[in-house]
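Undergrad: Starting off with a structure, shown below.
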Amino acid sequence: MDRQSSLFSPDPPMYVAVIEEAVLRRADESFRGLMVEQIAHLIECAQRPHIHVHIIPATVALHVGLVGPFSLARGSDGGWVGHLETQLGGDVVDKDEDLAILLARWESVRSEALSRQQSIELMKDVMTSWS
115 MDRQSSLFSP DPPMYVAVIE EAVLRRADES FRGLMVEQIA HLIECAQRPH IHVHIIPATV
175 ALHVGLVGPF SLARGSDGGW VGHLETQLGG DVVDKDEDLA ILLARWESVR SEALSRQQSI
235 ELMKDVMTSW S
């Protein structure tokens, strides 16, 4: 929640997330109420002008994002920095050639995802299925 607070500040950053549909559905019945709350929160966030949540539909079997999660951030100077997440921590990516690879992978993953509005509609459908 502390990390999310910057998204609701007076001058929030642009935030774009891509997640798989399976993540919205990957829980058992004991998490029904929690999943409804979580997805409702995602929808609320995704309706803000500076937050974009895009869903990769279950019909997309393979994509480069399956290799593992990563983050990209652009500073006020226009420079990029990346972060590769692992089960043991993470690695900062700041070399130009490595950033070029991550940026290309981002474009590949993003191109598999639904549009912003389609993603919101899918999240609403999934939330209804949990209700």
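In our numbering, the protein residues as written are 115 to 245. Cβ coordinates follow ideal geometry from the N, Cα and C atoms, glycine included. What you are looking at is a predicted structure, and each value in this text was computed from that prediction instead of being measured.
Going by CA-CA distance only, name the one from Ala218, His164 and Phe184 that's closest to Ser120.
TA: Translated into the one-based positions of the sequence shown, residue 120 becomes position 6. Comparing Cα positions, the closest option is His164.
Undergrad: Determine the DSSP secondary structure at Asp212, reduced to helix, strand or coil.
TA: Reading the sequence shown from its first residue, position 98 is the one you call residue 212. Asp212: helix per DSSP, three-state reduction.
Undergrad: In the DSSP assignment, what residue or residues form a beta bridge with Leu198?
TA: Numbered from 1 along the sequence shown, position 84 holds the residue referred to as residue 198. Answer is Phe184 and Asp205.
Undergrad: Tell me the DSSP secondary structure of His168 in three-state form.
TA: Translated into positions along the sequence shown, residue 168 becomes position 54. Strand at His168.
Undergrad: Tell me the rounded alpha-carbon separation between Asp239 and Ser144.
TA: By one-based count along the sequence shown, residue 239 stands at place 125. By one-based count along the sequence shown, residue 144 stands at place 30. So the alpha carbons of these two residues sit roughly 19 Å apart.
Undergrad: Going by the DSSP bridge assignment, what does Ile133 pair with across the sheet?
TA: Against the sequence shown, residue 133 aligns to sequence position 19. In the DSSP output, where bridge partners are listed per residue, Ile133 has Ile169.
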